[in-house]
Structure formats: structure tokens, C-alpha cells
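Residue numbers (full-length UniProt numbering): 1 to 185.
Glycine is no exception: its CB is placed at the ideal position from the N, C-alpha and C atoms.
Predicted, not measured: the structure shown is a model, and the values here were computed from it.
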Amino acid sequence: MFADSSHVILRDRQLRDLPVLTRWLTDPGAEWRRWDAPYFHAETTTETMRAYVDHLAQTPPDPDEQVIDLNGECVGMVNRSEESPGGGGWWDLGILIYDPRHWGGGVGTRALARWVADTFTWTDAHVVTVTTWGGNERMIGAARRVGFRECMRVREARVVDGRRYDSVRLDLLRSEWRARAGTLG
Ligand SMILES: CC(C)(COP(=O)(O)OP(=O)(O)OC[C@H]1O[C@@H](n2cnc3c(N)ncnc32)[C@H](O)[C@@H]1OP(=O)(O)O)[C@@H](O)C(=O)NCCC(=O)NCCS
């Protein structure tokens, strides 16, 4: 099913989002876990997610972490972290849409485009990256649509369901984004 991606915004986390976030993030059987870094041990991911949800409940919204809002509903999150050293101008971006019903319909492309714009507006980023694995074609496709291009591939570095995949990184320069700005609503 194709999601209607027309009303995708990024916003601060609100109290009303917590039950949704808790449900999706702490479900060890959630489909997204087969795609978002599935090469990490499942038990470790479950523990990390529980601690993360507790952290979300106890801390105010963070500008480096926004909720993806589709037609008023929290459907996922984006985040970013600065690669060391601080001030070096390199930020790595993350994106997660929880429900497979919302995949493959352009929501991720729109949310990522907005997150790139936010990052270039509010940080001194010179370049942004997205890091994934070769089997995650939706992530690679969405990043390419936003203007990212592959900058690093470590061959056969990740094991998923007993099969080896490349570790893949894509990058986008501020100058390239500026040249494309406005092409993705
Ligand atoms: C990765 C993710 C954010 C992408 O968002 P999305 O809304 O599904 O992506 P979009 O629909 O905007 O774009 C997907 C791209 O992949 C293509 N695509 C869609 N379904 C696909 C499939 N089953 N297999 C391969 N490619 C697919 C789309 O056609 C599009 O690329 P194109 O325009 O070049 O054809 C989302 O799927 C998600 O959160 N997945 C689970 C968690 C995850 O993997 N997070 C990323 C971790 S690095």
C-alpha cells in the first residue's frame, strides 16, 4: 500500500507521542528491526531501545532528534550526530519509519529532504552522510532521491540472516544541496 506523503513534517516530540514511540521501539518483533542495523545482536538492540524510551520519557525534546509527523500522527523519527571532531562540519543522519504500511510511498524521501534542510540550516554542516547496508534498498533509494550519492562501500562487512552484505555510506555536500534546494517539497 502506498502512503500519502503529502503532509510530512518534522517536529519536536510531544507527550502524546510517547505511547506510539514506546510501542514501536520496544517491540522485538517489529518489522523495522529487520532493516535498521539488523546486523546488531537482537538482545542488545532490545535493551538499547528500552533504555532509549526511558530516556525519551525523562528528557525534553532535542533539536538533533525530531518526530516524523504524517497527517498529524507520529510515524517515525529522524536523528543526527556530529562526527568527531566537533565543529569539523560532518554530520551523520538517521531515519526510521516504524510501520511498513508507510514504507515505499515517498514519506522517507520527504522526511529525509526536510531533515537535510534542517541540518544545513541549523548546524555548520559542510557535508551530511547516511549509513546503511547493501540490502536496504529503500534507504539507498530514498537517499539518492534526496541527492545523496555513494561515497563508501565496505564489501561484505555486514551479516544479515546468514548472508553477507556491503556496508554502504552516502554523502551530500551543502553546495550540492543548495543547488537542488526546492526540488523536493
Ligand atoms: C528506509 C526508509 C526511511 C525509507 O523510507 P520510505 O518512505 O520507505 O522510502 P521512499 O518511499 O521515500 O523511497 C524508497 C525508495 O526505494 C524504492 N523502493 C520502494 N520499495 C522498495 C523495495 N521493496 N525494495 C527496493 N526499493 C524500494 C522506492 O522506489 C524509492 O526509490 P526510487 O525513487 O529510486 O525508486 C523506511 O523504509 C524505513 O524506515 N525503513 C525501516 C527502517 C530503516 O531501514 N531505516 C534506515 C536505517 S539506515
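CA-to-CA distance, residue j to residue i, given in whole angstroms
i	j	result
residue 9	residue 17	14 Å
residue 43	residue 128	30 Å
residue 60	residue 126	27 Å
residue 116	residue 96	15 Å
residue 55	residue 76	17 Å
residue 175	residue 162	40 Å
Counted within 10 angstroms of its Cβ, other Cβ atoms place residue i as buried (16 or more) or exposed
i	result
residue 133	buried
residue 49	buried
residue 33	buried
CB contact flag (residue i, residue j, <8 Å)
i	j	result
residue 78	residue 11	no
residue 139	residue 130	yes
residue 173	residue 150	no
residue 122	residue 63	yes
residue 158	residue 167	yes
Closest residue to residue i among the options (Cα-Cα distance)
i	options	result
residue 136	165, 180, 82	165
residue 111	19, 13, 142	142
residue 92	73, 107, 120	120
Suppose only complete runs of 4+ residues qualify. What are the alpha helix (DSSP H) ranges in the UniProt domain "N-acetyltransferase" (8-166), listed by chain order?
18-25, 42-58, 107-122, 137-146
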